[in-house]
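Novice: Before I ask anything, here is the structure I am working with.
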Amino acid sequence: MNNDRQKILTDYIFYLYTTGRTYDTVGKYIKHVTDFLEMTKEVNRRGYLNYKRENADVMVRHSLMCSAICDLLSFLNIGYGKREKAVKPLEKLDVISDKNKKQLNDFIVWLTDNNDYSSHTVDIYYTSMKKYFEYANEVNMDNCRRFIKSLEEEKLSPATIRLRITAIERFSKWLKKPIELKRPKIKRKLDVNNVPTEEEYNRLLEYLKGKNNKDYYFFIKVLGTTGARLSEFQRFTWEDIISGEVTLKGKGNKYRRFFFQKQLQQEAKAYAKEHGKTGIFAVGRFGPITQRGFSQHLKAWGKHCGIDSKKMHAHAFRHFFAKMFLKKNKDVIQLADLLGHGSVDTTRIYLQKSYDEQKKDFNRNVTW
Numbered sequence: 001m002n003n004d005r006q007k008i009l010t011d012y013i014f015y016l017y018t019t020g021r022t023y024d025t026v027g028k029y030i031k032h033v034t035d036f037l038e039m040t041k042e043v044n045r046r047g048y049l050n051y052k053r054e055n056a057d058v059m060v061r062h063s064l065m066c067s068a069i070c071d072l073l074s075f076l077n078i079g080y081g082k083r084e085k086a087v088k089p090l091e092k093l094d095v096i097s098d099k100n101k102k103q104l105n106d107f108i109v110w111l112t113d114n115n116d117y118s119s120h121t122v123d124i125y126y127t128s129m130k131k132y133f134e135y136a137n138e139v140n141m142d143n144c145r146r147f148i149k150s151l152e153e154e155k156l157s158p159a160t161i162r163l164r165i166t167a168i169e170r171f172s173k174w175l176k177k178p179i180e181l182k183r184p185k186i187k188r189k190l191d192v193n194n195v196p197t198e199e200e201y202n203r204l205l206e207y208l209k210g211k212n213n214k215d216y217y218f219f220i221k222v223l224g225t226t227g228a229r230l231s232e233f234q235r236f237t238w239e240d241i242i243s244g245e246v247t248l249k250g251k252g253n254k255y256r257r258f259f260f261q262k263q264l265q266q267e268a269k270a271y272a273k274e275h276g277k278t279g280i281f282a283v284g285r286f287g288p289i290t291q292r293g294f295s296q297h298l299k300a301w302g303k304h305c306g307i308d309s310k311k312m313h314a315h316a317f318r319h320f321f322a323k324m325f326l327k328k329n330k331d332v333i334q335l336a337d338l339l340g341h342g343s344v345d346t347t348r349i350y351l352q353k354s355y356d357e358q359k360k361d362f363n364r365n366v367t368w
């Protein structure tokens, strides 16, 4: 593989770890994409179609192979097929077939017997698949897409649709006919009440600093002192942090410079030397951290430290950084530059005060 293709693979792997896919799926995607980049003559639509034709028998046996390569091409903004036809929603069936009732019951028994699934998760999967079988008799890609279209026309929220998709993917895997579906994006609106306070941030750091593995202490400290998006944070190296700065190509193909505070540099340097830390910074027990895995850790730490779970997501520490910066320095333009915002209007929201801050200011100022 030449240098250009190696760079494509490296950038794509960084992207993969931000998608929330499972470690198993990420591993398979990397394998299929690596094979494609090593074997295809051209990394474009024609190269993909030739590769698909030459490996048709293999693609039949490995259902994720086509999905992985198409995902790579989408990542590279390369069109790889004919224009997609408009998806028609499914019409509701009169009854659920006996065959599907039995399949659903067998699936629920399997989930219940598997200790990895809580009763709440089992209930969600049952409700989701029951809903699916009210519209379709077979679980295949075409029916799934049309089912999702039906849910969208019912005006269900993206979060609910994502739950339905997760259930379908789990069911299809149980059938040994895995399907991977595109999830609708959830736009998270900033609520200034759902940002960790300085006291909560320090409490969390103290808790993580006391653990045997202090990696996560550094993860939170870096997020809280840089305002990095998770996708940017996942690209930092120990060498970047110790050197004090790094420039990355980020959202919207814009270059963004990150600075690391002096105290953090010194702590990281001593820790890295003692434990032999080099290369990619955000690595967990099973490899580079994923959005889903990190989110689960944050919820658990928050529960232990008595911090509201609504404040325990990676992006909340970007908001925390912005609030703390404006507390020390009211320069919104400088903050916009540090956060990589294209418009100062996006940054102004951090000037809003939380309910507790408003109440405290009111009681201090309204004394007449």
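Here full-length UniProt numbering is used: the first residue of the sequence shown is 1, the next is one more, and so on. C-beta atoms are modelled at their ideal positions from N, C-alpha and C, and glycine is treated no differently.
Assign Leu-223 to buried or exposed, taking buried as 16 or more other Cβ atoms, counted over all protein chains shown, within 10 Å of its Cβ.
Specialist: buried
Novice: Which term fits Glu-38, buried or exposed, when burial requires 16 or more other beta carbons within 10 angstroms of its beta carbon?
Specialist: It counts as exposed.
Novice: How is Val-344 classed by DSSP in three states: helix, strand or coil?
Specialist: With a pLDDT of 46 at Val-344, under the threshold of 50, the modelled position of this residue cannot be trusted; read the value that follows with caution. Here Val-344 sits in helix by DSSP.
Novice: If you reduce the DSSP assignment to three classes, tell me which class Glu-199 lands in.
Specialist: helix
Novice: Just to confirm, is the Cβ distance from Ser-172 to Ile-179 under 8 Å?
Specialist: yes
Novice: Starting from the C-beta of Phe-325, find all residues in its chain whose C-beta is less than 6 Å away, skip the five residues before and the five after it, and write them out in chain order.
Specialist: Taking Phe-325 as the centre and dropping the five residues before and after it, the same chain places the C-beta of Leu-335 closer than 6 Å to its C-beta, in chain order.
Novice: In the structure shown, what three-state DSSP assignment does Phe-236 receive?
Specialist: coil
Novice: Alpha carbon to alpha carbon, how far is Val-60 from Val-109? Give it in angstroms, no decimals.
Specialist: 30 Å
Novice: Along the chain, which unbroken stretches of the beta strand (DSSP E) at least 3 residues long are found entirely within the UniProt domain "Core-binding (CB)" (98-176)?
Specialist: none
Novice: Taking only three categories from DSSP, how would you classify Gly-287?
Specialist: strand
Novice: Please list, in chain order, all residues of the same chain as Ala-228 whose beta carbon is under 8 Å from its beta carbon, the five residues on each side excluded.
Specialist: Val-222, Phe-236, Phe-258 and Arg-318
Novice: Consult DSSP for Arg-292 and reduce its assignment to one of helix, strand or coil.
Specialist: helix
Novice: What are the boundary residues of the beta strand (DSSP E) that Val-246 is part of?
Specialist: 245-249
Novice: What does DSSP give as the partner residues of Ile-280 in its beta bridges?
Specialist: Thr-237
Novice: For Arg-257, list the residues DSSP reports as bridge partners.
Specialist: Thr-247.
Novice: Are there 16 or more other CB atoms within 10 angstroms of the CB of Tyr-255, so buried, or fewer, so exposed?
Specialist: exposed
Novice: Taking Cβ to Cβ, would you say Lys-323 is nearer than 8 Å to Ser-309?
Specialist: no
Novice: What does a CB cutoff of less than 6 Å around Asp-345 pick up in its chain, not counting 5 residues either side in sequence?
Specialist: Model confidence at Asp-345 stands at a pLDDT of 47, short of 50, so the residue's coordinates are unreliable; what they give is reported in the following sentence. Cβ contact annotation for Asp-345 (same chain, cutoff 6 Å, sequence separation greater than five): none.
Novice: Contact between the segment 65-74 and the segment 24-41 is defined here as three or more beta-carbon pairs at a separation below 8 Å; is this criterion met?
Specialist: Yes, the segment 65-74 touches the segment 24-41.
Novice: Starting from the C-beta of Asn-44, find all residues in its chain whose C-beta is less than 7 Å away, skip the five residues before and the five after it, and write them out in chain order.
Specialist: Ile-78
Novice: Closer than 8 Å by C-beta to Leu-204: which residues in its own chain qualify, once you throw out the five before and the five after it? Chain order, please.
Specialist: Pro-196, Ile-220, Trp-301, Gly-302, Cys-305 and Ile-307
Novice: Would you kindly work out how many angstroms separate the C-alpha atoms of Lys-7 and Ile-13, rounded to a whole number?
Specialist: 10 Å
Novice: Do you know whose CA, among Asn-100, Ala-272, Leu-9 and Glu-134, lies nearest Ala-68's CA?
Specialist: When the alpha-carbon of Ala-68 is set against those of Asn-100, Ala-272, Leu-9 and Glu-134, the nearest one is in Leu-9.
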